[in-house]
Ligand SMILES: *[C@@H]1O[C@H](CO)[C@@H](O)[C@H](O)[C@H]1NC(C)=O
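In mature numbering (1 follows the signal peptide of the UniProt record, and there is no 0), the protein residues as written are -19 to -1, 1 to 276.
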């Protein structure tokens, strides 16, 4: 009897309906790994044990789809009440909402990771959320209220019925790399890393990485991402019923690559800031192993 098998099957049926798909999150996490300092890598390994950063990056979508994790769903986005394509913009007090949003959640969980008064599990969850949200905040439809972040805009991609949100979460990315598996994520992360090193995907202005201004940084990222709503995602005349795997896809490739590259780079920098100067602690895993040995 292997009780784990039905659980895995159950989890695989819970395909997330939002958040960069598995490919986007894994690629961002892999990319971030390239920028981590050695002490940060050690801290992260210790806090996540026995999971890896890549595995941890997709956890939040599964969790928010469980009955006891549902409270965390609104943290995956900020619902900008703007009106693309004519007017875009994120306004924290107008758009964040009472249950919190991706901006407040990034601030909250960034602080909680190193809050030693919290349980190890709580801090581990916070780290998994931070990693996931730095990814999601770069997906344009996670910064938009319109049509439930595009979930209600019905379109086609490669002849299949889908919705605009899913196209930006997964379809475009999977078409760029030709698949959605872990190998595709590794190849994509390697490619994007080389291109970042060569100076592609440059941004104007200074990169935000001051943790004491976590909310401002997150809001800046969300605002930048949201500009794509007016710049491309929602064209004049709308997209209802349209096939998006042709011309629309071609025009989106560069944007999706840049968003994933930025998310990976920023995640790396953010994590370095978070763990800079922190003492390495005994992990929960080691605490547990110690406990078993005592029994
Ligand atoms: C911060 O996160 C904790 C744990 O998930 C949650 O209970 C709390 O409501 C959050 N606080 C804010 C201000 O978002």
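Glycine is no exception: its CB is placed at the ideal position from the N, C-alpha and C atoms.
Just so we're clear, the structure is a prediction, and the values are computed from it rather than from any experiment.
Just checking residue i against ligand 3 - is the residue's beta carbon closer than 7 Å to any of the ligand's heavy atoms?
{"i": "residue 219", "result": "Absence of ligand 3 from the depicted structure is noted, with ligand 1 being the only ligands included."}
Would you check whether ligand 1 has a heavy atom nearer than 7 Å to the C-beta of residue i?
{"i": "residue 140", "result": "no"}
{"i": "residue 144", "result": "no"}
{"i": "residue 93", "result": "yes"}
{"i": "residue 86", "result": "yes"}
{"i": "residue 207", "result": "no"}
{"i": "residue 78", "result": "no"}
{"i": "residue 81", "result": "yes"}
{"i": "residue 171", "result": "no"}
{"i": "residue 253", "result": "no"}
{"i": "residue 168", "result": "no"}
{"i": "residue 132", "result": "no"}
Tell me whether the beta-carbon of residue i lies closer than 8 Å to the beta-carbon of residue j.
{"i": "residue 203", "j": "residue 59", "result": "yes"}
{"i": "residue 6", "j": "residue 39", "result": "yes"}
{"i": "residue 262", "j": "residue 207", "result": "no"}
{"i": "residue 66", "j": "residue 211", "result": "yes"}
{"i": "residue 246", "j": "residue 157", "result": "no"}
{"i": "residue 153", "j": "residue 233", "result": "yes"}
{"i": "residue 187", "j": "residue 250", "result": "no"}
{"i": "residue 74", "j": "residue 57", "result": "no"}
{"i": "residue 122", "j": "residue 116", "result": "no"}
Note down, in chain order, each residue of its chain lying with its Cβ closer than 7 Å to the Cβ of residue i, except the 5 sequence neighbours on either side.
{"i": "residue 111", "result": "87, 90, 91, 94"}
{"i": "residue -17", "result": "Per-residue confidence for residue -17 stands at a pLDDT of 47, beneath the threshold of 50, marking its modelled position as unreliable; the derived number appears in the next sentence. There are no such residues."}
{"i": "residue 3", "result": "39, 161"}
{"i": "residue 220", "result": "134, 136, 145"}
{"i": "residue 259", "result": "24, 95"}
In its own chain, which residues sit with a C-beta less than 6 Å from the C-beta of residue i, not counting the 5 before and 5 after it?
{"i": "residue 128", "result": "134"}
{"i": "residue 224", "result": "137"}
{"i": "residue 15", "result": "174"}
{"i": "residue 21", "result": "252, 253, 256"}
{"i": "residue 150", "result": "1, 2"}
{"i": "residue 169", "result": "8, 158"}
{"i": "residue 29", "result": "37"}
{"i": "residue 342", "result": "Coverage of the chain is limited to positions -19 through 276, which leaves residue 342 absent and any answer about it impossible."}
Exposed or buried, residue i, counting other C-beta atoms within 10 Å across all chains shown (16 or more means buried)?
{"i": "residue 289", "result": "For residue 289 there is no data in the structure shown, the boundaries of the chain being -19 and 276."}
{"i": "residue 267", "result": "exposed"}
{"i": "residue 24", "result": "buried"}
{"i": "residue 49", "result": "exposed"}
{"i": "residue 31", "result": "exposed"}
{"i": "residue 76", "result": "buried"}
{"i": "residue 109", "result": "buried"}
{"i": "residue 270", "result": "exposed"}
{"i": "residue 164", "result": "exposed"}
{"i": "residue 35", "result": "buried"}
{"i": "residue 9", "result": "buried"}
{"i": "residue 52", "result": "exposed"}
{"i": "residue 63", "result": "buried"}
{"i": "residue 85", "result": "buried"}
{"i": "residue 277", "result": "It is not possible to answer for residue 277, since the shown part of the chain is limited to -19 through 276."}
{"i": "residue 72", "result": "exposed"}
{"i": "residue 183", "result": "exposed"}
Tell me, which residues are paired with residue i by DSSP?
{"i": "residue 224", "result": "137"}
{"i": "residue 142", "result": "137"}
{"i": "residue 22", "result": "DSSP lists no partner for residue 22."}
{"i": "residue 64", "result": "68"}
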